[in-house]
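K.L.:
This structure is in structure tokens; I'll ask about it shortly.
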Amino acid sequence: DPDSGIYVNGERIYLKGVNQHHDLGALGAAFNERAARRQLEILREMGCNAIRTSHNPPAPELLELADAMGFLVLDEIFDCWERKKTPLDFHLIFPDWHEPDLRAFIRRDRNHPSVFLWSVGNEVGEQYTGDDGAKVGKRLCDIVHEEDPTRPTTSAMNFAKPTMPLPNVVDVIGLNYQGEGIRDSLPTNEVKGIRTPPQYPAFHTAYANKVIVSTETAAALSSRGEYMFPVFSGSSAPVKDGLGGNSKRQQVSAYELHAADFGSTADKVFAAQDKHPYVAGEFVWSGWDYLGEPTPYYGARSSYFGIIDLAGFRKDRFYLYQSRWRPELPIAHILPHWAWPERVGQVTPVHVFTSGDEAELFLNGKSLGRKKKSAYEYRLRWDDVVYQPGTLKVVAYKNGKPWTTDEVKTAGNPAGLKLEPDRKEIRADGLDLSFVTVTVTDKDGLVVPRADNRIRFTIVGPGEIVATDNGDPASFDSFQSHDRKAFSGLCLVIVRGKAGQPGEIQLTAAADGLNVGTAAIKTTRADGTVHK
-4 DPDSGIYVNG ERIYLKGVNQ HHDLGALGAA FNERAARRQL EILREMGCNA IRTSHNPPAP
56 ELLELADAMG FLVLDEIFDC WERKKTPLDF HLIFPDWHEP DLRAFIRRDR NHPSVFLWSV
116 GNEVGEQYTG DDGAKVGKRL CDIVHEEDPT RPTTSAMNFA KPTMPLPNVV DVIGLNYQGE
176 GIRDSLPTNE VKGIRTPPQY PAFHTAYANK VIVSTETAAA LSSRGEYMFP VFSGSSAPVK
236 DGLGGNSKRQ QVSAYELHAA DFGSTADKVF AAQDKHPYVA GEFVWSGWDY LGEPTPYYGA
296 RSSYFGIIDL AGFRKDRFYL YQSRWRPELP IAHILPHWAW PERVGQVTPV HVFTSGDEAE
356 LFLNGKSLGR KKKSAYEYRL RWDDVVYQPG TLKVVAYKNG KPWTTDEVKT AGNPAGLKLE
416 PDRKEIRADG LDLSFVTVTV TDKDGLVVPR ADNRIRFTIV GPGEIVATDN GDPASFDSFQ
476 SHDRKAFSGL CLVIVRGKAG QPGEIQLTAA ADGLNVGTAA IKTTRADGTV HK
């Protein structure tokens, strides 16, 4: 419905979607069922209900998972048509191969109930070639309708205007980064390029009979656990040294206030959505960090865009989206961590993401004030907190009643290692995986949030270490290495059982000066039995 969005079996479903590239982080590009399922499980925990397969056909097994787990899928095929983006991209063979590839793509995927919308292009250059570009788009949409007359088409358009011919030929208007506010706000006057307010009203007026979907939003940037000072006083700004960025260390502040020059933070996107409720929902760029495209630091290895980092650890932004997408869930999340010995007596802003509508903050039992969300405000801020070690606690309220709490404590020095497998029993088939979170803790078991100890891993029993990671986008340590520095107190070990060898795996983590950590993982035969 053009005025109220998407309906599934008669129920309105607001798209709470993310864009996903195809790689599985430290495992690379080859599909693995358990790794992909883990990605979807963590996204579902956040409240995500839709995936855009940017910008190429996904592994068919991903669609099988989406079918089973209840995700909607915007299935996308082309990143370019006849106009090139890079010298050796698909434009070279598009004239000969667009039709056979498109028909094969639709035929392969059309029986998946998760697929609700076909995308024939992403930010293609034909947006700007007038009627000629629209003819290409119409030809692609006609092919889709011949192969599947039951589903609509779209093409994800960036910087599009309603007067351009291309929007006429698609069934659903797909808009990328339609001016959520960052390009026409004061902190970004130095940013070059198009500076526009949201284009949603213009498209809604020009195409009153078409649904509008935000096919790409945000492009926010952050490094998990890397908080930087001073803290930007607004809600969205580009990254630069001294304000949200450190080009020498190639890290972006985790206060979640910064974005790529062409995008904006979640806060700005949420405001645009609330001001234009007829838009059917969004696909955030991006759900997970991915290999390559490390905007804004192209000396790094992986991206900063993800709500979840490359290792699968939740950035603070995760709880901002969870508060928005699962408002029925009692959520309160404090940032930053509270281990700043060099900042005693200095202003250290505290932000809270909550599904409540107001909250009171306490430092060592003393109230720092109760704040309530205003219109188009999606976080609560105490920007004048003076750092003292101890305990920060927030009590969130909803409709005037206590809703939930969160607290962070000042951690001591690194003392030990804690290992937590996401699954303590896996199949002995050479494919099933256990993802083991390794945490650097102090003597009381608290996470040491700035720990970067180098940790060595050994394994005994019928299993092997497939990869290690820590979510640091600037790290070039080999994923196959059996030693890995912690990043913001955490790292990851991916373990699999050897095919046909059920038994028990013992994983050990050791670091100089720290207590050893261990974890046991059982591997079972296909029938579920364990060798004894």
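So in the numbering used here, spot 225 of the sequence shown is number 220, and the numbers just go up one at a time. Just so you know, even glycine gets a beta-carbon here, dropped at the ideal spot from N, CA and C.
Any idea if D127 is buried or exposed, counting beta-carbon neighbours within 10 angstroms, 16 or more meaning buried?
P.N.:
Result: exposed.
K.L.:
Output the distance between the C-alpha atoms of M223 and V247, rounded to the nearest integer angstrom.
P.N.:
8 Å
K.L.:
Could you say if the segment 390 to 408 and the segment 491 to 498 meet the contact criterion of at least three C-beta pairs nearer than 8 Å?
P.N.:
Taking a contact to require three or more Cβ pairs closer than 8 Å, the segment 390 to 408 and the segment 491 to 498 do not qualify as touching.
K.L.:
Which runs of the alpha helix (DSSP H) fall wholly inside the segment 300 to 366 and span at least 4 residues, in chain order?
P.N.:
312 to 320
K.L.:
Please tell me whether E71 and P90 are closer than 9 Å, where the distance is taken between their beta carbons.
P.N.:
Cβ atoms of E71 and P90: not closer than 9 Å.
K.L.:
Judging by CA-CA distance, which residue of V131, F111 and L22 is the nearest neighbour of Y285?
P.N.:
L22
K.L.:
What separation, rounded to the nearest whole angstrom, lies between the Cα atoms of R219 and I168?
P.N.:
34 Å
K.L.:
Taking DSSP as the reference, what is the three-state secondary structure of G458?
P.N.:
Secondary structure of G458 (DSSP, three-state): strand.
K.L.:
Apart from the five residues just before and just after T386, which ones in its own chain have a Cβ nearer than 7 Å to its Cβ?
P.N.:
N359, E402 and K404
K.L.:
Can G287 and S298 be called in contact, C-beta distance under 9 Å?
P.N.:
yes
K.L.:
Note down, in chain order, each residue of its chain lying with its Cβ closer than 7 Å to the Cβ of N204, except the 5 sequence neighbours on either side.
P.N.:
Cβ within range, chain order: P(-3).
K.L.:
Using DSSP with H/G/I as helix, E/B as strand and the rest coil, what is E77?
P.N.:
coil
K.L.:
Which of the three DSSP states is assigned to R449 in this structure?
P.N.:
strand
K.L.:
Can you give me the Cβ contacts of M64 inside the same chain, cut-off strictly under 7 Å, excluding the 5 residues immediately before and after it?
P.N.:
Hits under 7 Å: L35 and R39.
K.L.:
Please list the segments of the beta strand (DSSP E) lying wholly inside the segment 374 to 404, counting only runs of 3 or more residues, in order along the chain.
P.N.:
For the segment 374 to 404, the full-length beta strand (DSSP E) segments reaching 3 residues or more read 375 to 377, 386 to 393 and 396 to 404 along the chain.
K.L.:
Going by the CB atoms, is the gap between L412 and A506 shorter than 9 Å?
P.N.:
The answer is yes: Cβ separation under 9 Å.
K.L.:
Tell me where the beta strand (DSSP E) around K480 begins and ends.
P.N.:
K480 -> beta strand (DSSP E) spans D478 to K480.
K.L.:
Spatial neighbours of R418 within its chain, please: C-beta separation below 6 Å, excluding the five flanking residues on both sides.
P.N.:
Contacts found: S429.
K.L.:
Where does H50 fall in DSSP's three states?
P.N.:
coil
K.L.:
If we ignore side chains and look at the alpha-carbon of each, how far apart do T149 and W113 end up?
P.N.:
6 Å
K.L.:
Would you mind stating whether M159 and Y123 have Cβ atoms separated by less than 9 Å?
P.N.:
yes
K.L.:
Compute the Euclidean distance between the alpha carbons of R520 and R103, then round it to the nearest angstrom.
P.N.:
32 Å
K.L.:
Buried or exposed: which applies to R7, given that a residue is buried once 16 or more other Cβ atoms fall within 10 Å of its Cβ?
P.N.:
exposed
K.L.:
Taking DSSP's pairing of strands, which residues face D262 in a bridge?
P.N.:
As computed with DSSP, D262 is found in no beta bridge at all.
K.L.:
Taking the beta carbon of N4 as the centre, do at least 16 other beta carbons fall within 10 Å, making it buried, or is it exposed?
P.N.:
Here N4 is exposed, its C-beta having fewer than 16 other C-beta atoms within 10 Å.
K.L.:
Between the C-alpha atoms of G125 and I88, what's the straight-line distance to the nearest angstrom?
P.N.:
22 Å
K.L.:
Under a three-way DSSP split, which group does Q532 fall into?
P.N.:
An answer regarding residue 532 cannot be provided, because it is not within the stretch -4 to 527 covered by the chain.
K.L.:
Could you give the distance in angstroms between the alpha-carbon of Y293 and the alpha-carbon of N465?
P.N.:
19 Å
K.L.:
Would you mind sorting Q173 into buried or exposed? The rule is 16 or more other CB atoms within 10 Å of its CB.
P.N.:
buried
K.L.:
My output table needs one value for Y202: the three-state DSSP class, helix, strand or coil.
P.N.:
For Y202, the secondary structure class from DSSP, reduced to helix, strand or coil, is coil.
K.L.:
Taking the alpha carbon of G307 as the reference point, which residue from L487, S369 and K438 has its own alpha carbon closest?
P.N.:
For the residues L487, S369 and K438, the minimum Cα distance to G307 belongs to L487.
K.L.:
Below 8 Å on the Cβ atoms is my guess for A504 versus I450; work out the distance and round it to an integer in Å.
P.N.:
Yes, A504 and I450 are in contact; Cβ-Cβ is about 5 Å, under 8 Å.
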